[in-house]
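To start, the structure under review is shown below, and the notes come after it.
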Amino acid sequence: MSGWNYHVTHFVTSAPDIRHLPADTGIEVAFAGRSNAGKSSALNTLTNQKGLARTSKTPGRTQLINLFQVAEGYRLVDLPGYGYAEVPEEMKLKWQRSLAEYLQKRQCLKGLVVLMDIRHPLKDLDRQMVMWAVQSGIEVLILLTKADKLASGARKAQLNAVREEAKSFLGTVDVEVFSSLKKIGVDKLSQKLDSWYRDIPPATEEDGIDE
0 MSGWNYHVTH FVTSAPDIRH LPADTGIEVA FAGRSNAGKS SALNTLTNQK GLARTSKTPG
60 RTQLINLFQV AEGYRLVDLP GYGYAEVPEE MKLKWQRSLA EYLQKRQCLK GLVVLMDIRH
120 PLKDLDRQMV MWAVQSGIEV LILLTKADKL ASGARKAQLN AVREEAKSFL GTVDVEVFSS
180 LKKIGVDKLS QKLDSWYRDI PPATEEDGID E
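Oh and the sequence shown: position 27 is 26 in numbering that gives the first Met the number 0, straight run, nothing missing.
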């Protein structure tokens, strides 16, 4: 049972880069992944809200950093999807810069959830995200999404293979399976978020988060 009620999570703001985010206080846990990895669906499943994070049939539509508040001083962050084919190269590079900047400079960032389709994990940009986080001393949870697409034996084999490969990152990198459709792994995700949110106190009222 989760120690937090993620069902009361609500949208706070969107920002094109870290300069437009609220004050760097409290604790943030960010979600990142390729545009078709099921990131919005995972956030909606975690919070039991169908429309919290917008899902789109056109991958790459989420171009902003979206912040959601779980409780005062505790936030979930939906980072722009990456790996999109249909956008200009210049825009891809701009998004990559904003992702790197957020991971490397945002002091209140405690954990990063990197979502990957269980059938196609650890592509180059996935590895880059994990490496940026590890180099910044941020703990990572790799979430292998769409787990319902594989039979249980194949799912277990893929989980073990990715766990083995994750050791090469030389950081705190956990790996779990997840399915928004079948609600697989929601408890594991909640428990990991709980542990990250427990580690440091949230922003105090004196620190006030800017509106």
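Backbone N, C-alpha and C fix where the C-beta goes; we use that ideal spot for every residue, glycine too.
Annotation note: the region 79-119 contains the following uninterrupted beta strand (DSSP E) runs of length 3 or greater, listed N- to C-terminal: 108-116. Under DSSP, G32 shares a beta bridge with L114. Using a Cβ-Cβ distance cut-off of 8 Å, the region 152-164 and the region 71-83 are not in contact, since fewer than three pairs of beta carbons, one from each stretch, lie closer than that value. According to the DSSP secondary-structure assignment, L75 is paired through a beta bridge with V28 and F67. DSSP places S167 outside any beta strand (DSSP E), giving it a letter other than H or E. The residue among L121, S194 and A99 with its C-alpha nearest the C-alpha of R33 is L121.
In this structure, the straight-line span from the alpha carbon of V139 to that of A165 is close to 10 Å. Taking a cut-off of 8 Å for Cβ pairs, the region 126-138 and the region 101-114 touch, as three or more such pairs fall below it. Residue burial is scored here from C-beta neighbours: S97 has at least 16 other C-beta atoms within 10 angstroms and is therefore classed as buried. The alpha carbon of K104 has as its nearest neighbour, out of H9, I17, W3 and Y196, the alpha carbon of I17.
Short of 7 Å from the beta carbon of D23, and not among the five residues preceding or following it, lie these beta carbons of its own chain, in chain order: R105, Q106 and C107. Beta-bridge partners assigned by DSSP to D173: L140. Straight-line spacing of the CA atoms in A52 and G152 works out to 31 Å. With a threshold of 16 other beta carbon atoms within 10 Å, N4 falls short and is exposed. Between V129 and K49, the alpha-carbon positions lie close to 28 Å from each other. Straight-line measurement puts the Cα of A31 at about 17 Å from the Cα of F10. Of all alpha-carbon atoms in Q68, E27 and P79, the one lying nearest the alpha-carbon of A14 is that of P79.
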